[in-house]
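Line order of the protein sequences matches chains A and B. Last residue of the first sequence: 447 in my numbering, with the numbers rising by one and none dropped. Last residue of the second sequence: 1268 in my numbering, with the numbers rising by one and none dropped.
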Amino acid sequence: MTEGVVVVGLNHRTAPVEARERLAVPPDGLEDAVRAVLALEGVREAVVVATCNRVELYAAGAEAESLAGELRRHMHARGGSGVTLYEHRGEAAVQHAFRVCASLDSLVVGEPQILGQVKEAVAAARSAGALRGRLGRVMARAFQTAKRVRTETGIAEGQVSVASVAVDLARGIFGDLMGRKVLVVGAGKMALGAARTLARAGASLLIANRSFDRAEALAREYGATAHPLTDLGMLLQHVDVAVCSTGASGYLLTRHDVATVMKARRGRGLFLIDIAVPRNVEPAAGDLDSVFLYNVDDLERAVAEGGRGRSVATIEAERVIAEELSAFRAEELAQRSAGPTIVALRRRFQEVAAAELERSLSGKLRHLPEGDRAAVEAMLDALTNKLLHAPTVALKTAAANPDGDDVMRAARSLFALDAEPADPRGEVTRMRVQGEMTAKAKAGNGR
Amino acid sequence: MLVGFLAAAALLYLIATVLMLTYLVGVASTLPSRRAATVSLGAAMVAHVTHDILRWVTLGRGPFAGIHEGLSTLALLVAGVAFALRLLGRRLETLGVFVAPLTLLMLLASQGVDAQPAAPLSGALLGVHVGSTILGTAAFTVAFALAAAYLVQEREVRQKRLRGMFQRLPPLEVLDVASFRSIALGLPALTLGLVTGLSAGLQEVGRGIPIVSWRHYLALGVWAVFAAVLALRLLAGWRGHRAAIGTIVGYASAVMVLVGYFVRGARL
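Here it is in structure tokens:
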């Protein structure tokens, strides 16, 4: 059932921030983005995940090959044909979704924001009517996997966030952070996380935001002072570190702006962390004397260089993902392989019941009035359903296990499901055989 | 025997320099190699002090007796600063790399100078001249080491390399501020040294003996560069990179004076 699932995208490892910012989707534009993907040929379901580190299109449809082609064309049309994209199909796509949600594919392995971001993407897809079943199940399972990874492995504890890299850097530039001033521009979660860590190291916080109300709310939460974004130039003259994460589409700070600020600072060092995509600070500003500018890619490299991205926890997390993937695969298979047997069994019961009812009503029970006939029919229906309940559940469970085939064969043999159908039209057998064939073909493709 | 101690001191300074360098660039970053560097530096200082004391006892020439002794004392003072830094903290000990080779250079330079005072100074005035010049130069040496370390550390931060030297060198602002303070301490001392030296020189000129040499001009140049760095820092907000470059240029001139002593002695 996962063979029609495809993901095409780019992330912090495969594309520089220049490419990612061209494809960036603002949070309130997610639904429109999903609708645009849904309008592509062959796409039945779609989810658009867009964070500062990745832009990914997940889609489900009938045919993976053409689906992937459509998604690629769509992304190239928006981000330019030079953009390098990766692509995963079928089970690989599902595994990718699991790894992304579990934060194993993140810039900072173990960071908790990505799960929330994918959940928002899924919510947007749902409200755009872009989740009908398959992709929805994949995402639900991915969330479940992420939760397991978080609780069963030490990935969150060993988390070296962008925050701690920022603190290392700030210490390398300023030494002691006690009494230093850190300005957070915008209200990105990652930026606030970094700022909070800097504050723990003794720095005091200032928050500037386009919406002053939001700045005030955050300032109360973080024990900071709130400022309107219009004061940015003045604020930058007095702080030591500025973390930018606004959703501005152009540069919030040009080289010229920063040069003006530096003049007023009389050369005092300024550490600018730009974790926004698209970027908030013009890259050339980093060439100025005593200005140290780091963007998301630089932080990624710093984390990777620190060798802190990998640990025992990530190995454990990969194991959890492999387990969940195999369980998911089994469930999906079960849904396929047990389905025809259950349908056949149900039909066999219903046929027998119908035949017996017919015989009795036209024979010994011929005298029954209309109302009583209906009552007898209802009783037989209930009986059939009750009797079928346990074997149905058992078949579904068995299908997910390795020895499921034996149980399935036993069921078919016990109830003579492989025998010539009582129904002269042969519908049951035909359905089952067809079902099995498709199941096998699909299982073959999926591997 | 004097030569033996001197050679031992020079060799040990060299070994200490190499060991410290291997730690800074990350070739050898183990605790034993770092301890070996500290021990070499300490042993070099012991040999150096022994040499100077023996010279004092046997030849009667104290630490401020002339340019020869003064340079040797300067070398010892600078080595002492490097040694103290090693004991102060892990991130400070790397500064020794920038200081130890200069110690060696000063020691060698002292050997190029005649034992007789070159300047027509004597008594207390000679002591003040040599002593304050030594203090000023030692402070500039430290300022230079800090500025050099600043440029290396700045390059690490700009190239976004947060392993290796970034972690072994002190923070940028600490280097910047400490370099500034060293210059602020060194400049008045060197000023005093220059004034005493030049006044004596000018008296000689007055008597018709022009002994103002290229070294004196260079020394004035060194003073001017450091004074400019200090002034620009205070008045024009020169910090970080530019201040470090200024400090290094100033010190390079000072090193040329030392090299001059070594090559040509205290003559004109």
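All C-beta atoms, glycine included, are put in the ideal place defined by N, C-alpha and C.
Specify, as a first and last residue, the run of the beta strand (DSSP E) that residue i falls within.
{"i": "C244/A", "result": "V241 to C244"}
{"i": "Y1023/B", "result": "Counting along the chain, Y1023/B falls outside any beta strand (DSSP E), though it belongs to the alpha helix (DSSP H) covering L1002 to L1024."}
{"i": "G61/A", "result": "R54 to G61"}
{"i": "L365/A", "result": "Counting along the chain, L365/A falls outside any beta strand (DSSP E), and DSSP gives it neither H nor E."}
{"i": "E87/A", "result": "Y86 to R89"}
{"i": "L206/A", "result": "S204 to N209"}
{"i": "I275/A", "result": "First-last for I275/A: undefined, no H or E at that position."}
With 16 as the cutoff for other CB atoms within 10 Å, does residue i come out buried or exposed?
{"i": "D231/A", "result": "exposed"}
{"i": "P278/A", "result": "buried"}
{"i": "S1072/B", "result": "buried"}
{"i": "M379/A", "result": "exposed"}
{"i": "G1060/B", "result": "exposed"}
{"i": "L236/A", "result": "buried"}
{"i": "T246/A", "result": "buried"}
{"i": "V6/A", "result": "buried"}
{"i": "T1141/B", "result": "buried"}
{"i": "T84/A", "result": "exposed"}
{"i": "S1110/B", "result": "buried"}
{"i": "A416/A", "result": "exposed"}
{"i": "L1088/B", "result": "exposed"}
{"i": "V281/A", "result": "buried"}
{"i": "V393/A", "result": "exposed"}
{"i": "Q1159/B", "result": "exposed"}
{"i": "N401/A", "result": "exposed"}
{"i": "A1058/B", "result": "It is worth fixing the name first, because residue 1058/B is Thr in this sequence and not Ala. Classification of T1058/B: exposed, given that the 10 Å Cβ count is below 16."}
{"i": "L1175/B", "result": "buried"}
{"i": "R1055/B", "result": "buried"}
{"i": "N209/A", "result": "buried"}
{"i": "V241/A", "result": "buried"}
{"i": "D403/A", "result": "exposed"}
{"i": "H367/A", "result": "exposed"}
{"i": "R1171/B", "result": "According to the sequence displayed, residue 1171/B carries Pro and not Arg. So P1171/B ends up on the buried side."}
{"i": "A422/A", "result": "Because A422/A carries a pLDDT of 47, less than 50, the predicted location of this residue cannot be relied on, and the following value inherits that uncertainty. Classification for A422/A: exposed."}
{"i": "I315/A", "result": "exposed"}
{"i": "M178/A", "result": "exposed"}
{"i": "G363/A", "result": "exposed"}
{"i": "A1075/B", "result": "buried"}
Ignore the nearest five residues each way along the sequence and tell me which others in residue i's own chain have a CB closer than 6 angstroms to its CB.
{"i": "R148/A", "result": "V320"}
{"i": "G233/A", "result": "none"}
{"i": "L131/A", "result": "E45 and A125"}
{"i": "A24/A", "result": "V277 and P278"}
Nearest to residue i by alpha carbon, out of the options?
{"i": "Y86/A", "options": "V138/A, A130/A, A142/A and G9/A", "result": "G9/A"}
{"i": "S1253/B", "options": "L1232/B, L1230/B and Y1217/B", "result": "Y1217/B"}
{"i": "V55/A", "options": "S66/A, L67/A, L38/A and P26/A", "result": "P26/A"}
{"i": "E152/A", "options": "L229/A, E323/A and R347/A", "result": "E323/A"}
{"i": "E332/A", "options": "A19/A, A33/A, R137/A and G129/A", "result": "R137/A"}
{"i": "L1041/B", "options": "L1187/B, W1223/B, L1019/B and L1031/B", "result": "L1019/B"}
The alpha helix (DSSP H) spanning residue i covers which residue range?
{"i": "I155/A", "result": "Looking at the DSSP string, I155/A is not in any alpha helix (DSSP H), and its letter there is neither H nor E."}
{"i": "R1034/B", "result": "L1031 to L1059"}
{"i": "L192/A", "result": "K189 to R200"}
{"i": "V47/A", "result": "Note, V47/A: premise wrong, no alpha helix (DSSP H); beta strand (DSSP E) at V43 to A50."}
{"i": "P391/A", "result": "E370 to A399"}
{"i": "S1072/B", "result": "I1067 to L1088"}
{"i": "S66/A", "result": "A64 to G79"}
{"i": "K263/A", "result": "R255 to R265"}
{"i": "A213/A", "result": "The question names Ala, but residue 213/A in the sequence shown is Asp. Taken as a continuous stretch (DSSP letters only), the alpha helix (DSSP H) holding D213/A covers F212 to Y222."}
{"i": "V1027/B", "result": "From DSSP, V1027/B is part of no alpha helix (DSSP H); its letter is neither H nor E."}
{"i": "F1166/B", "result": "M1165 to R1168"}
Between which residues of its own chain and residue i is the CB-CB distance below 7 angstroms, once the five residues before and five after are set aside?
{"i": "L1085/B", "result": "L1092, E1093, L1095 and G1096"}
{"i": "L1169/B", "result": "R1091, T1094, A1149, V1152 and Q1153"}
For chain D, is any of its Cβ atoms less than 8 angstroms away from the one on residue i?
{"i": "R266/A", "result": "Absent from the structure: chain D. Protein chains present are A and B."}
Who are the near neighbours of residue i in its chain, counting only those whose CB is closer than 8 angstroms to its CB and skipping five residues on each side?
{"i": "E63/A", "result": "G4 and G42"}
{"i": "T1050/B", "result": "F1005"}
{"i": "F1166/B", "result": "Q1153, E1156 and V1157"}
{"i": "A1079/B", "result": "Y1013, L1041, A1044, M1045, H1048, V1099, A1100 and T1103"}
TODO: Tell me, please, whether the stretch 113–126 of chain A touches the stretch 72–90 of chain A by the rule of three or more beta-carbon pairs shorter than 8 angstroms.
DONE: no
- [ ] Evaluate the contact criterion for the stretch 260–280 of chain A versus the stretch 1130–1141 of chain B: three or more CB pairs, one atom per stretch, below 8 angstroms.
- [x] no
TODO: Check whether the stretch 176–185 of chain A touches the stretch 235–255 of chain A, taking contact to mean three or more Cβ pairs, one atom from each stretch, closer than 8 angstroms.
DONE: yes
Open item on the list: Closer than 8 angstroms is the cut-off here; do at least three beta carbon pairs connect the stretch 280–292 of chain A with the stretch 1231–1244 of chain B?
Closed with: yes
- [ ] Check whether the stretch 167–182 of chain A touches the stretch 190–209 of chain A, counting contact only when three or more Cβ pairs, one atom from each stretch, lie closer than 8 angstroms.
- [x] yes
Open item on the list: Under 8 angstroms, with one C-beta from each stretch per pair, do the stretch 103–112 of chain A and the stretch 121–140 of chain A reach the 3-pair mark?
Closed with: no
Task: Three CB pairs or more closer than 8 angstroms across the stretch 399–415 of chain A and the stretch 324–344 of chain A - done: yes
Open item on the list: Contact between the stretch 64–74 of chain A and the stretch 261–268 of chain A is defined here as three or more beta-carbon pairs at a separation below 8 angstroms; is this criterion met?
Closed with: no
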